[in-house]
Amino acid sequence: MSESQTIRLAADLSFLHTDYMWRMPGSWVGYDYYSTSEFYEDIARIAQRGVMDMLFFGDTGGTPEDYGGNHEAGVKYGAKWPRHDMAPMIPLMAKAAPGVGFAITMSTTYHHPFYVARFFNALDHVTRGRIAWNAVTSAYKNEAANYGFDEMMEHDERYERAQEFLEVTGKLWGSVEPDALIADREQGIFADPTKVHRIDHRGRYFNVRGPLPALPSPQQKPVIIQAGLSGPGMDLAAKYADMQFSTRRTVASMKQHREALDKKLASFGRKPRDVGILWSIRIQVAESDTDAKQKERHYLESIRPEAGLVEMSAQYNVDFSKAKPGMRLADFADEVRAQKGNYGSFDELLKTTDPAVTVEEFGRRFLVDRILVAAGTPKTIVDKLEEMHFGSGANGGFILGRGYSAMDNIREFVEFVVPELQRRGLTKTKYAGPTLRENMCG
Ligand SMILES: Cc1cc2nc3c(=O)[nH]c(=O)nc-3n(C[C@H](O)[C@H](O)[C@H](O)COP(=O)(O)O)c2cc1C
Numbered sequence: 001m002s003e004s005q006t007i008r009l010a011a012d013l014s015f016l017h018t019d020y021m022w023r024m025p026g027s028w029v030g031y032d033y034y035s036t037s038e039f040y041e042d043i044a045r046i047a048q049r050g051v052m053d054m055l056f057f058g059d060t061g062g063t064p065e066d067y068g069g070n071h072e073a074g075v076k077y078g079a080k081w082p083r084h085d086m087a088p089m090i091p092l093m094a095k096a097a098p099g100v101g102f103a104i105t106m107s108t109t110y111h112h113p114f115y116v117a118r119f120f121n122a123l124d125h126v127t128r129g130r131i132a133w134n135a136v137t138s139a140y141k142n143e144a145a146n147y148g149f150d151e152m153m154e155h156d157e158r159y160e161r162a163q164e165f166l167e168v169t170g171k172l173w174g175s176v177e178p179d180a181l182i183a184d185r186e187q188g189i190f191a192d193p194t195k196v197h198r199i200d201h202r203g204r205y206f207n208v209r210g211p212l213p214a215l216p217s218p219q220q221k222p223v224i225i226q227a228g229l230s231g232p233g234m235d236l237a238a239k240y241a242d243m244q245f246s247t248r249r250t251v252a253s254m255k256q257h258r259e260a261l262d263k264k265l266a267s268f269g270r271k272p273r274d275v276g277i278l279w280s281i282r283i284q285v286a287e288s289d290t291d292a293k294q295k296e297r298h299y300l301e302s303i304r305p306e307a308g309l310v311e312m313s314a315q316y317n318v319d320f321s322k323a324k325p326g327m328r329l330a331d332f333a334d335e336v337r338a339q340k341g342n343y344g345s346f347d348e349l350l351k352t353t354d355p356a357v358t359v360e361e362f363g364r365r366f367l368v369d370r371i372l373v374a375a376g377t378p379k380t381i382v383d384k385l386e387e388m389h390f391g392s393g394a395n396g397g398f399i400l401g402r403g404y405s406a407m408d409n410i411r412e413f414v415e416f417v418v419p420e421l422q423r424r425g426l427t428k429t430k431y432a433g434p435t436l437r438e439n440m441c442g
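Take the sequence shown: its position 35, counting from 1, is numbered 35 in our numbering, and each next residue is one higher.
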């Protein structure tokens, strides 16, 4: 197996404090509350011990109001709420764990490319080349309202704006050549002006003169991640991304997704190895497969029956509190589609769920089964990861998401699963280089 075929490892830290994880034994133990920097610094140290490539923070700047038409359920149960801006945590974590990379999320719908280009340049300097940008188009109504929009921008228009946004940020990161800095103290020459270029971008959404008033950063530009599942989302990933996040639920579906991405990549003159995929997975480690089942049951029992519906409502901007007994997922397809939101992932649910299952039944499983699952002993888990990895082209890896508490579950993963992965030569035992790009995209 070549180095580029090894499994990349990441963890999604977006939900450690919400979505019922705060109720799990082992959550936040020994910390004042979830948002202390020590909590995240310790997670970073554990990730470093497991030679994990990246820790990721998702973001939506809103409070879910879709279930029941107000924020009561989201706040009461801690479902997708609260959401802090995690960017200030990055330099602290980067210092605590000098090999791990970090990804944060910024919306192409609500921010400006000049600000975003400058911000990631600064973070790339501070982390010495270990930053990634999860470029999202944002599909949530309350977030749109917080940024001044009465109506959410249409899905395809959000992606058109994202295309131009990424074009502009790319131009800005290229506007100062890597060897522009001279710093000749004797001559008093700071930098070479011939290596600094205006971009003079004039487009449909943005006019940006440039150049970026900053020295080039270690990676020049952040590792770019895109998670769109729709046609325009896949186009954006194929044109600009270094990495894609995906939430498929079966090996067959992973394989189809990989093939679709490879086709798109070819249409932009890029190769499959240019974009790896990190598949979202929930992992439950235990000493025996029976223990794993018990832990699964405990986790399920800690989730309130309506929790999945609260979460589904937030995800798809549809009020699932109105689901009548016996209604099926397919009964909501038109409404979800009309919301201009995350139809791609709803479509995946329709394709991979027994059509007879009611919305009510499905709601309960939504939090736990929405992504791939590997539960059991380290051997069982690694067998499954290996099968999924090679069954989908061995091009990327996994991002731990959902259903794990910190520190307990993330520590268990590093202590018990990573050694088995390393023993089989499936993941690396030391970092390949100082930058995230070298480690995750090499
Ligand atoms: C692992 C993962 C993380 C994501 N993180 C975010 C996020 O932090 N913020 C956000 O607005 N959307 C996030 N998304 C949603 C995607 O950006 C996108 O809206 C969704 O996959 C639907 O894509 P589509 O609009 O192309 O159908 C994430 C998706 C995945 C799979």
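We put the CB at the ideal spot given by N, CA and C, even for glycine.
field: Closer than 7 Å: Ile399 CB and nearest ligand 1 heavy atom
entry: yes
task: Classify Gln226 as helix, strand or coil using the three-state DSSP reduction.
output: strand
- request: For the segment 183 to 195 and the segment 90 to 110, state whether three or more C-beta atom pairs, one from each stretch, are separated by less than 8 Å.
  value: no
message: Could you tell me the alpha carbon to alpha carbon distance between Asp42 and Ile410, rounded to whole angstroms?
response: 11 Å
task: Can you give me the start and stop residues for the alpha helix (DSSP H) that Met388 sits inside?
output: Pro378 to Gly391
message: Determine whether the beta carbon atoms of Gly401 and Arg364 lie at a separation below 8 Å.
response: no
query: What residues are listed by DSSP as bridge partners for Phe398?
result: Leu9 and Trp279
query: Once you ignore the five residues that flank Trp81 on each side, which residues in its own chain have a CB closer than 7 Å to its CB?
result: Thr18, Thr63, Pro64, Gly74 and Val75
query: Can Ile399 and Leu278 be called in contact, C-beta distance under 8 Å?
result: yes
field: Exposure label - Leu215; buried when at least 16 CB within 10 Å
entry: exposed
First through last residue of the beta strand (DSSP E) which encompasses Thr105: Gly101 to Ser107
task: Would you check whether ligand 1 has a heavy atom nearer than 7 Å to the C-beta of Gly342?
output: One point to set straight first is that residue 342 is Asn, not Gly, in the sequence displayed. Answer for Asn342: yes, Cβ within range of ligand 1.
field: Reference Ala252, options Glu387, Gly101 and Thr109, closest by Cα
entry: Glu387
task: Report whether the distance from the Cβ of Val208 to the nearest heavy atom of ligand 1 is below 7 Å.
output: no
query: Where does the unbroken alpha helix (DSSP H) through Phe165 begin, and where does it stop?
result: His155 to Trp173
message: Considering only the alpha carbon of each residue, which of Gly391, Ala117 and Ile199 lies closest to Ser107?
response: Ala117
message: Just to confirm my understanding: we take Lys384, look at its own chain, exclude 5 residues before and 5 after, and list those with CB closer than 7 Å. What are they?
response: Ala374
task: List the endpoints of the continuous beta strand (DSSP E) containing Leu181.
output: Leu181 to Asp184
task: Could you have a look at Ser405 and say whether DSSP puts it in helix, strand or coil?
output: coil
field: Beta-carbon contacts of Asp66 that lie in its chain and below 6 Å, excluding the five residues immediately before and after
entry: Ser313, Ala314, Asn317 and Asp319
- prompt: Taking C-alpha atoms, which residue in Gly393, Leu300, Met407 and Gly99 lies nearest to Ser2?
  reply: Gly393
query: So what does Trp133 bridge to, in DSSP terms?
result: Ile104 and Ile224
- prompt: Which residue from Arg424, Lys263, Gly276 and Gly174 puts its Cα closest to that of Pro211?
  reply: Gly174
Inter-residue Cα distance where the pair is Lys263 and Gly30: 49 Å
message: Bridge partners for Asn146 per DSSP, in chain order?
response: In the DSSP output, where bridge partners are listed per residue, Asn146 has none listed.
query: Phe366 bridges to which residues according to DSSP?
result: DSSP, once it has assigned bridges, lists no residue as partnering Phe366.
task: Pair every Cβ in the segment 413 to 421 with every Cβ in the segment 291 to 303, then say whether three or more of these pairs are closer than 8 Å.
output: no
query: Less than 8 Å separating the beta-carbons of Ala44 and Ala103?
result: no
message: For Leu123, which residues in the same chain have their Cβ closer than 7 Å to its Cβ, ignoring the five residues on either side in sequence?
response: Ile90 and Ile131
Beta-bridge pairing of His197 - partner residues as DSSP gives them: Bridge partners of His197: none, in fact.
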